[in-house]
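Residue numbers for the sequence shown follow this note's numbering, so the first one is 70 and each next one is one higher.
Here's the structure, in structure tokens; my notes come after.
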Amino acid sequence: MKLLTVLILGSLIQSYAVVSQAQTKRLNLSFENASLKEVLQTLEDQTDYSFIYKDELINFGDNITGDFKEKLITEVLDNILLSSELTYTIKGRAIVIMSKDMAVTGTQQTSTVKGKITDSTGGGLPGVTVVVKGTTTGTVTDANGSYSISNVPGNAVLVFSFVGMKSQEIEVNNQSSINVTMVEDAIGIEEVVAVGYGTQSRVNMTSAVGTVKSTELNTRNAPNTTSLLQGRVPGLQIVQNSAMPGAENPSILIRGMGTFSSAGSNPLILIDGVEGDLNNVNPNNIAEISVLKDASSAAIYGSRAANGVILVTTKQGKEGRLNIDYSFNYSVQNPSVPVERVTNSVEYMELMNKAIDHSNLQTSWRYTDEQIALYRDGMISNPAQYPSTDWVKVLMRNGPIKQHFLSVNGGKAGTTFNVSLGILDQTGILLSTDYKRYDAQINFKTNLGSRVTFGTNIAMSKGRRHDTAFGADVDNMNASRDQMRSAYAAPPTASPTLPDGSGRFAAHAYVDKGGNKNPIGVALAGGGQQIDEDYVLANSFLNIEIAKGLSAEVKGAVNYRGNLNKAMDVSFSQYDWFPDAVTGEHLERPSSGMNQMWQENARRNQYTLFGTLNYARTFNTSHNLKAMVGYSQENAEYDQLTAYRKNMPVADQWEITLGPTDGQTNGSSSYKWALQSYFGRLNYDFSGKYLLEASFRYDGTSRLPEEGRWGMFPSVSAGWRVSEENFMKEISWIKNFKIRASWGQLGNQNIGNYPYQDALSTLDYDFGGSMFRGYTVNNMTNKNIKWEATTSLDFGTDFSFFNSMIYGTVDYYSKTTTDILRTQQVPNFVGISGPTINSGEMLNMGWEFVLGSEKRIGDFHYDIRANLETYQNELITFGSREINGPNVRLEGLPWNTYFLLIQDGIYQNQSEIDAGPKTSYAGSTKVKPGDMKYQDISGPDGVPDGQVDLTYDRAPVQGVFPKFNYGLNLSASYKSVDFTMFIQGVHGRKTWVSGWGVTPFNQASAPPIFWRDDAWDGEGTSNTVPHVYIDGYSAAVANSTFFLGNSSYMRLKNIQLGYTLPVNLAKKMQVQTFRVFVSGDNLLTFTKFFQGLDPERTGSGNESAAIYPQAKIFTVGLKITL
């Protein structure tokens, strides 16, 4: 903050100092037969002033001759304008030339101007901005399109502007009533979009770029920005992996999984041109997000952009009146419906005994007839002592979210600023989880003279998250996951606390019947995790206009993240549910043997410096050329310190030095990496019809050996705006039609920091009764690795018809990744892992569609936009087949294709078993009626061999990737009322799950109700769900299609209804705008997936039900602009 204050104050002082110096500067000038325009240009060149004037005022025939020695600029202007009808006024570093009639505006009579603004249909247009040109005096039309503006000089000019419409300027000429009809722009065809190291008019773009405006983000309420992008852009795939406050960990893919290497498939995220974390950006601060999807748009970022780029542009200040915005949202999170399980204690006990009998287990988990009878009677007569507890529901709660946001925006005389503060306070829907974050954004820009601009953008946030310490680690997700596991594992036969009202935490009713810790005790007994996060992303830039059309910019930035994680696992007492038969007391059973604490301190700094030289020029009015070259340098460093102590003396003092040193562990790690780059881009268009772009990036990375350290990544794209051809002009309903194509290559180096260097680790060993320390090799190395490369091809079209009533885009893409950086496959007996090598090839291809319709009819406006993406993945080159649980990695198939036994019904009787194939997959367990039947697909000779085993009878099953993703956005408004609805979904995807929430009696957990209602229970009772069993029963645990669910879904992500106070009423409240709204998120989900499991989450295996659950969110909010 101190540095920020110095930067801003210094810039302000410097800007005012420039003005003061300019006013006192002495000039030496000589003119002979010069025009006034030439004189003013000379004065601009020799001072820090800029002149503002209308061309018709100064285009007269007077010739100016004279010598000016040691004169102030005011003296020069007084002399040359003396005999003319012109005068001037100085405002900051701007000098306004005007007629002497205009100069007396301040003394002439002013009046009130009223009128109505309409669209092409004659309907009133609300929200149109009306401003007296050259001033900050203005207003906004009300719901009927009417306006009234006071103190307007008779010779003033009114400026009328509205998003999507062409701005108009109309002279007042002493009129008291001015009505205006606004004309639509063709779908924002002149819209400027953020691209690599700059901006570009959308109409001239030849690459695949998707954009999301702030207005779209603000229709939803979510604690993190990433989730707001879900379903907004075709080709952008976002999965919400968790709903843990402050650690949602959404995954992001652009056009699918680009690689299977450790480099990963995460896109590069740049905030105001600097790498940052999307979830640390307050959505209210975002002006626009651009998604660079093809190599042509992303190649300028080279090795950083192999998986695409997301560019975030934050809101900047605007010259004019000071605007103060405040918004407040209050939300309530309602837990989604969990897995419906058998939580009636008697049903649970009886079903458990059935499962034990079928599984041939000799176990203490069996309930006696006496125990079952006690609960059958006691559940009615004494439910406190004989409960039926759904532990998962007890663990959940409604969680409020409070969000405040305040921003101040304004500026004048070449200096603008935008300052904002945000507060997020979120209570989790699981006990003992919450998150609080404070964030600030400061964007400042000022002109240092007529050719130099200085600016700085600083974002800061400080967050604190609480979680349980279950599992006793500092992992961001596993603690709450372990708590959910324990809730699932707890039998329903006991409650969280003893029935005697003492508040003591209860162990299970019968401690020999399985289960885990009391999850409510874990949440409430003390201890837990506290994670503090500090984040700063700051950059400063200097832009210099060297000559007309030639400019240079240099930017420096730092990205800092610091984490302090503390976890205290507290030993607390649990007591037997039933009193001891002898003493009559509830026996104590400690949850763990000691209090133990972990601590982790980590920090990461990334420094970026880059400079660009930009040139733009138009030749012969038709040839438009833009060129850019640049250099960048990135350096990153990370260090981490960890410590552990056991037998902490007190549980409420989280100072790790209080713990004894016996059994302590300490550790540390650190790394550094660097990247150096040269890049350039060339844009050319002829009359806005024929478009061409080419770019290159030359990267050098410290992560690769010297011989393969540098890589060149080129791209080229072209476009043809068919709608601009003369033969298309007569087709009036076509506003824009463009065909484009692109090709490019990108690199990837996001692997370990030292893969080519020999690394050693310490090892202690006993020699002659004494301990000695030695060193061992961790893994084999390869000094010949090089860049992983992705080649991308894209063909697309953009169109707009019928005055933008219909608009859209179509893209086909193909993306091939070669020389994939991976660990070499080596036999297990080698003893160490293989080296990193370049081996493997993966193909991704698909189609993307956007189709929308927008129209204003009187006071009604609507915008409907749908997007759809198809996606195919294929592993072209891999090597030997790898089986990873229920998945296989095999050439010719999609990555991690399911590889499963194919369920073929249920064995109904012993005769079917005898007549069927042998079942070696079950080991020594004898298959029984009620067990699953599988297809005999093949054998050693490639044909069915009368035996089902895991070697020959598992088959690839498609569905790991969806057939298509889609999103539908609807917005509509009528006068002061607005409405939005957003639907998102996937189709054709399958997800394999087992364990919690699916498999019966996993650690004695209450099974889902389909095991009670639909399971086989005698010949002919079911041919789909087998007999209930205890998890681990070898005749049922084989990875098969039984556990493969249809995870296609359609979800109502958001629905919102808002009301904006009419302008005349807002004025009475002395505010510019006042809006209130109500909204709901995740309200409805349509799916055929396993009941209670979230179909959105994939790749969770046996952890699907244990992941922090999604929530329905109900929100009320308001926004005020002063």
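Quick reminder that beta carbons are idealized off the backbone N, C-alpha and C, glycines included.
All of these numbers come straight from a predicted model, not from anything done at the bench.
Ordered list of beta strand (DSSP E) runs contained in the region 981–1018, each at least 3 residues: Runs of the beta strand (DSSP E) inside the region 981–1018: 1001–1003.
Residues of its chain near residue 693, where Cβ-Cβ distance is below 6 Å and the 5 sequence neighbours each way are ignored: Here the set comprises 687, 754.
Span of the alpha helix (DSSP H), counted from its first residue to its last, around residue 416: Start and end: 414–427.
Nearest neighbour of residue 296, chosen from 760, 1123, 1128 [CA to CA]: For the options 760, 1123, 1128, the alpha carbon positioned closest to that of residue 296 is the one of 1123.
Burial state of residue 953, where buried means 16 or more other Cβ atoms lie within 10 Å: Counting Cβ neighbours within 10 Å, residue 953 comes out exposed, since fewer than 16 surround it.
Cβ separation of residue 1024 and residue 1113, assumed to be a contact under 8 Å, to the nearest whole Å: Contact doesn't hold; Cβ gap of about 12 Å is too wide.
Top-ranked residue by Cα proximity to residue 1121, from 1149, 1110, 1143: Selected option, being the one with the closest Cα: 1149.
Proximity of residue 308 and residue 279 at Cβ, strictly below 7 Å: In this structure, residue 279 does not lie closer than 7 Å to residue 308 by Cβ.
Counted within 10 angstroms of its Cβ, other Cβ atoms place residue 1156 as buried (16 or more) or exposed: By the neighbour-count rule (16 or more Cβ atoms within 10 Å), residue 1156 is buried.
Beta carbon proximity, residue 1178 to chain D, threshold 7 Å: The structure shown contains no chain D, having only a single protein chain.
Status (buried if at least 16 other CB within 10 Å, exposed otherwise) for residue 90: Note on residue 90: pLDDT 47, under 50, position unreliable in the model; no value is reported.
Residue burial classification, residue 452 (beta-carbon count within 10 angstroms, cutoff 16): It counts as exposed.
Length of the line joining the Cα atoms of residue 745 and residue 372: Residue 745 and residue 372: Cα-Cα distance of roughly 10 Å.
Residue 802 in three-state terms, based on DSSP: If DSSP states are grouped into helix, strand and coil, residue 802 belongs with coil.
Residue 396 - containing beta strand (DSSP E), residue span: Bounds of the beta strand (DSSP E) holding residue 396 are 389–404.
Length of the line joining the Cα atoms of residue 702 and residue 888: Computed Cα separation, rounded: 25 Å.
Neighbourhood of residue 543 by C-beta, 7 Å cutoff - its chain only, sequence neighbours within 5 removed: Only weak support is given to the placement of residue 543: the predicted model assigns it a pLDDT of 43, under 50, and the value that follows is read from those uncertain coordinates. Excluding sequence neighbours, residue 543 sits near 598, 634, 636, 667, 669.
The beta strand (DSSP E) enclosing residue 697, as first and last residue numbers: Counted as a single uninterrupted DSSP element, the beta strand (DSSP E) harbouring residue 697 occupies residues 692–715.
At least 3 beta-carbon pairs within less than 8 Å: the region 591–607 vs the region 623–632: By the C-beta criterion, the region 591–607 is judged to be in contact with the region 623–632, since at least 3 inter-stretch pairs fall below 8 Å.
Between the CA atoms of residue 265 and residue 1184 - distance to the nearest angstrom: Cα to Cα, residue 1184 sits roughly 36 Å from residue 265.
Residue nearest to residue 383 in terms of C-alpha spacing, selected from 488, 466, 459, 445: Nearest option by C-alpha distance: 488.
Separation of residue 972 from residue 1017, as counted between CA atoms: In a straight line, the C-alpha of residue 1017 is about 11 Å away from that of residue 972.
Outcome for residue 802 when other beta-carbon atoms lying within 10 angstroms are tallied against a minimum of 16: Counting the other CB atoms within 10 Å of its CB gives residue 802 a total below 16, which places it among the exposed residues.
Bridge-paired residues (DSSP) for residue 484: Its beta-bridge partners are 481, 515.
Local Cβ density within 10 Å of residue 1159, reported as buried at 16 or more and exposed below that: A residue is called buried when at least 16 other Cβ atoms come within 10 angstroms of its Cβ; residue 1159 meets this threshold and is buried.
Residue of 607, 1028, 735, 923 minimising C-alpha distance to residue 341: Distance from the Cα of residue 341 is smallest, within the candidate group 607, 1028, 735, 923, for 607.
Reference residue 934, options 1052, 611, 985, closest by Cα: Per the Cα distances, 1052.
CA-to-CA distance, residue 336 to residue 1079, given in whole angstroms: Residue 1079 and residue 336: Cα-Cα distance of roughly 41 Å.
Span of the beta strand (DSSP E), counted from its first residue to its last, around residue 588: For residue 588, there is no enclosing beta strand (DSSP E); the enclosing alpha helix (DSSP H) covers residues 588–593.
The region 386–400 / the region 454–474 touching (three or more Cβ pairs under 8 Å): With a cut-off of 8 Å, the region 454–474 and the region 386–400 count as touching, because enough Cβ pairs lie within range.
Coil, strand or helix - residue 1034 by DSSP: Note: residue 1034 maps to strand in three-state DSSP.
For residue 147, the first and last residue of its enclosing beta strand (DSSP E): Segment 142–149 is the alpha helix (DSSP H) holding residue 147; no beta strand (DSSP E) there.
CB contact flag (residue 362, residue 304, <7 Å): A contact, by the Cβ cut-off of 7 Å.
Delimiting residues of the alpha helix (DSSP H) encompassing residue 1133: 1132–1137 is the span of the alpha helix (DSSP H), which, as asked, contains residue 1133.
DSSP three-state assignment for residue 890, whether helix, strand or coil: Here residue 890 sits in strand by DSSP.
3-residue-minimum beta strand (DSSP E) runs that sit fully inside the region 286–365, ordered along the chain: Taking only runs of at least 3 residues, the beta strand (DSSP E) segments lying wholly in the region 286–365 are 305–308, 320–323, 337–340, 355–361.
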